[in-house]
Each structure stands twice: as structure tokens, then as C-alpha cells.
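Residue numbers (this note's numbering), protein chains in the order written: chain A, 1 to 480; chain B, 1001 to 1106.
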């Protein structure tokens, strides 16, 4: 049977390298073709998993422990599908975007390809060291993309991001080193049965280091300092990729570590602490988003806030009944998917508004409602998911999380979610309100190419439809 | 105290020194050097801790080789960015957040 797993990694590697060889600014068509292929591959893999459970692929025919195994279960399939689904419309969007911003294009296409290759490889990795390598590749490609625009601001943001990401993966690698020292293996499948409740303290230290490293890379409050300048300063397609996908990759790893590898040694106290940091992120991120004067910074702080919801998953799924844990787990993963789709749409829509008005302050978008109704509609649709209104995917996710919080009697998380929802409504409406004001006399709207509007609308619609079709995602998640 | 433990403790000490330098040193070149010291500490733990009865284990050595390649790539990228910052801002340090965007009183 044809196995899509290695090709999900090889395809972006191949088109990225070809794009690089072609020279700066080239490779858009390659990217489109590659991503269509990857989406088909990811869908095929998902089908195989639904039909036959977890899949393992031995690279080059050398099985572990000698060779490197790739493995995919329901969660990997969801993440792979999300990655290709978000990236494909963004590629069309980026083609149009960079015809207008040619000077900041440079190595966007190859870097995007390497970014996707690293991410796909991460979701398919079966051992903790291979995961380290993919994390570093992902980090380096992401930093390159932040720096792609040039200029002091983006370069500073890229440098800060690079230092943060290196520190994060350094802590992770030390954890891997300690694990290897204790057990003599890096394979997730081999390590999982070895770790039990009475493991030596050094394993807990390893777990703490690995989780801390990933929290830094996921920009969990209070480690979020690097995110807003990096995501807010990059060109719009880059911001969309970073905010929607890249931080989810390290969050995916936290999920793996917490619920698979270190499940026997996780404690309710640690889970509550993670939840508290998540709550801090929801409140602090939303408040700061509300105070921003620049569109992209507002959206970037909204990412900080929405990431907080993901971490509410841990207290809701640790030390509670299996039923509640399952509901929280589903809600958390659904939030990853919903936020990925909606945030990509939001950043791209904001990028289109900035392209049309030529200004990036929120004040500058007065009149957008009349001139760019489609883009504003897209922004509002994405906002519906971010606020968690029905029938969006964000609503379904938050509903599951709320249900889990109530069922396990942890009412304080309900308060956080409700207040966070109100605050996010406040910052989404801050933008919408400004857009409906009459345009200034001097305002000059550039007409937008269709590709800067329609693909983004598709993303926003997908995030909305997810609320109705979320069952499909959850059944894939439960398939393995 | 076994040899493995000596290596591991030295590696841990280097890691801590590296992390401290990475966070506390304002000069970018020092930050980049601190990152390399941090990396060396991790590699020492990886190789040193994994010996079985005095015989070195080849697997972590292969991992460290990979790790060194990654560290070199990261160092090169960091140096390139630092160089660009030097050209643009005239100094080898990260500028303070100008507008204090992370404060509520913006």
C-alpha cells in the first residue's frame, strides 16, 4: 500500500529546495502544487488511520532502534490536516500579497517550505530526539520568516524570537539527555511503559525541563514577551503561518508529553499551575489586545490570549473522571484547530486592510466597511470563532471546556473563560466599530486583487463550519 | 562519585551558566557564546551520563553530532541577524521595547 507519511515530509523539502535554487522571490507555483499534493496526502493518511488505527513507517526499511520510525495517530492526523488546510489558502494569499510587497518577499517561499517540512516531520516523529531536531528546524525557519521583511524592527523581533526558541529547545534537549541517561532510549513507544509513578526524581526534572522549554516556545504567559513583536512585525502571510501553526507545533508536543509520556507522573498541582498561567494569558493577553493601537499588534496579543484557553485543558483533564477528561481533551484539540483557522484568517484579513489603506493603525481603517466589505466580513467571521459565539468551532471548543469545568466542579475556570470571551468581544468590536466609521477625506483605498480576499474568506468559513462539523475532527482524533 | 556523575554535574553547571548568560548578558555576541556554552553543557550530559560500565554508548555520540550541526546553524543565523542589527542600529544589543507595548498604559 502506498504510504503518504514520508512524502508529507519530502514534498515540502523538495519544493522548498527547488524554490531556493530558482533564486529570491521564485517558487510560488511550486508551493501551490506542493501544498495541493500535501493536502491530498494528509487526507489519505487520515483515512488510513480511521480505517486501520495507528500507522508506523520505518524510514529506509530500517526499523527502530537502529533506524528512525515515523508514526501517526489520530492527533497527528488532525494536526497534519490543519497544517496543510491553513497553508494552502495562505499560499494563494501570499502570491497576491507579495506582488504588492515585492521587497519583503526574498526567501519567503523556500523558508515556508522548510517550515512546513519541519512541522510535518514533528507531527510524524516517534522519538524525542527526532522531535528535538524538527523543533530546531522549525524554529530556524520561523525566525528566518520573521526576518524576511528586513528593517530594524523585524530583525530585532527575529533575534529575540531566536534566543527564546533556542533557550526553549535547549531546555528540551537537556530533558532528553537526562531521559536517555536513565532509560537508554529516546523512542516514545519504548519510554512510555517505562515511566511509572515511582520513577526517580531525575525523570521529573527531565519532564519539567521539557515542558518549560515548550511553554517558552508556545509563548505561554509569562513567556509571551517575544510573540507580539515577532508575529505583529512580520509580513501578513508570515504572521498568519506563525500564529496559526508554528506555536501549535510546540503545544502539540506538550500534549504528547503530558498525556502520553509523562502521564503517570503528572500531578493535579502542576496541572492547576498550567491552568493558572493559561488564565493569566487569557486575561492579560485580552487586556493588552484591547489597548493596542495597531491592527497587527492587536491580533498578535489576541493570539497570546487564545493560547491561554489551550492550557485550561490541563487542569480540566488531570485528576478528574475519564468522561470529563475526554471532553476537556476534545475541547482543547478543537480549540487548536478553530484558533488555527480563525487566526490565519484574521491576520490575513488585517493584512489585506493594511495593504488597501496603506496604514497599520486601527484608526486608519475607517471606511473599510464600505470599501472592503468582503475582507471585513472575513474578519468578523474569524472574530466569531475567537469570541466563541455559536455556531463556530471556537464555540464548540469552549463549550466542551466549559462543560468539563462545570462537571468537575472547577468553577473558577468558567469565570476565566467567560471574562476572556467578553474581553475578546471587546477587542474584535473595537476593530469592527472603527471600520464602520466614515472614511477620512484624504483616505485613499487601493483596489485589492481577488486572491487577497477570497482564500481568506474560505479559512474564516472553515473555522465557522468547524462548529457544525466538529464531530468529524473528534472521530478522527478518537480513531487511534 | 562515578565518572558519569562528574560529567553530568559539569554539564549541568555549564548549562546553568549558559542560560544565565543568555538571559543576563546584554551584548549579543555574549548571548550567542552563552548559547553555545549551554549547548556544550547539554552535550556533555548526553554523552557523559550514558556510559554503561565505563564503555561509551555510541548512540548519544551520534545525537551530539546532530546537535552540533544544529547549534552551528543556529549560531550562524544568530550572527547574521546580529550583524544586520549592528548595521542598522549601530550596536550589538537588543534595543529596549521602545513604546513599552507590553504595558497597560500604552
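A virtual CB, placed ideally from N, CA and C, is assigned to each residue, including glycine.
By the three-class DSSP mapping on this structure, what secondary structure does residue 71 of chain A have? Looking at residue 71 of chain A - three-state DSSP - the assignment turns out to be strand.
Please classify residue 1055 of chain B: does DSSP put it in a helix, a strand, or coil? Assignment of residue 1055 of chain B by DSSP, reduced to helix, strand and coil, places it in the strand class.
Helix, strand or coil: how does DSSP classify residue 1103 of chain B here? Because the pLDDT at residue 1103 of chain B is just 47, under 50, the model does not fix this residue reliably, and the value given afterwards should be weighed accordingly. It is coil, neither helix nor strand.
Partners in chain A for residue 1092 of chain B, counting only beta-carbon separations shorter than 7 Å: The premise fails here: residue 1092 of chain B is roughly 10 Å from chain A at the closest Cβ pair, so nothing lies under 7 Å.
Kindly indicate if chain A contains any beta-carbon less than 8 Å away from that of residue 1056 of chain B. For residue 1056 of chain B, the answer is no, since every Cβ of chain A falls outside 8 Å of its Cβ.
Output needed in chain order: residues of the stretch 1012 to 1025 of chain B with a Cβ under 9 Å from some Cβ in chain A. So the list reads 1012, 1015, 1018, 1019, 1022, 1023, given in the order they occur along the chain.
Spatial distance of residue 319 of chain A from residue 274 of chain A (CA atoms): Cα-Cα distance, rounded: 14 Å.
Any beta carbon from chain A within less than 8 Å of residue 1061 of chain B's own beta carbon? By the rule that beta-carbons nearer than 8 Å mark a contact, residue 1061 of chain B does not touch chain A.
Below 6 Å CB to CB, which residues in the same chain sit around residue 423 of chain A once its five sequence neighbours on both sides are set aside? Excluding residues within five positions, the ones whose Cβ falls inside 6 Å are 286.
Quick one: which unbroken beta strand (DSSP E) runs of 3-plus residues sit fully inside the stretch 13 to 63 of chain A? Chain order, please. Counting whole runs of 3 or more residues, the stretch 13 to 63 of chain A contains the beta strand (DSSP E) stretches 55 to 58.
Out of A/219, A/197, A/188, which has the shortest C-alpha to C-alpha gap to residue 523 of chain A? This structure does not reach residue 523 of chain A, given that chain A is present from 1 up to 480, and the question cannot be answered.
Is the separation between the beta-carbon of residue 496 of chain A and that of residue 376 of chain A shorter than 8 Å? Outside the displayed span of chain A (1 to 480) sits residue 496 of chain A, for which this structure offers no information.
Run of the alpha helix (DSSP H) containing residue 155 of chain A, from where it starts to where it stops: Per DSSP, residue 155 of chain A is one residue of the alpha helix (DSSP H) stretching across 152 to 183.
Would you mind reading off the limits of the alpha helix (DSSP H) that contains residue 252 of chain A? Bounds of the alpha helix (DSSP H) holding residue 252 of chain A are 247 to 256.
Any C-beta of chain A under 8 Å from that of residue 1066 of chain B: At least one chain A Cβ lies under 8 Å of residue 1066 of chain B.
Three-pair Cβ contact test at 8 Å for the stretch 1061 to 1069 of chain B versus the stretch 1020 to 1036 of chain B: The way I'd put it, the stretch 1061 to 1069 of chain B doesn't touch the stretch 1020 to 1036 of chain B; fewer than three beta-carbon pairs between them come closer than 8 Å.
Cβ-based burial, residue 1106 of chain B [other Cβ within 10 Å; buried from 16]: Any reading at residue 1106 of chain B needs caution, since the residue's pLDDT is 34, under 50, leaving its predicted position unreliable; the model's value is listed next. The residue in question, residue 1106 of chain B, is exposed, as its Cβ has fewer than 16 Cβ neighbours within 10 Å.
What does residue 279 of chain A reach in chain B if we use C-beta pairs closer than 8 Å? Per Cβ cutoff of 8 Å: no residues; residue 279 of chain A is ~17 Å from chain B at best.
How about residue 119 of chain A and residue 19 of chain A: are their beta carbons less than 8 Å apart? It is not a contact, given that the beta carbons lie outside the stated cut-off.
How is the alpha helix (DSSP H) around residue 1038 of chain B delimited, first residue to last? Run containing residue 1038 of chain B: 1028 to 1049, per the alpha helix (DSSP H) assignment.
Determine the contact status of residue 347 of chain A and residue 239 of chain A, defining contact as a CB-CB distance below 8 Å. Between residue 347 of chain A and residue 239 of chain A, the C-beta gap is smaller than 8 Å, which places the two residues in contact.
Candidates A/298, A/446, A/187: which alpha carbon is nearest residue 97 of chain A's? Of A/298, A/446, A/187, the residue nearest in Cα terms is A/446.
Start and end of the alpha helix (DSSP H) containing residue 429 of chain A? First-last of the alpha helix (DSSP H) with residue 429 of chain A: 411 to 436.
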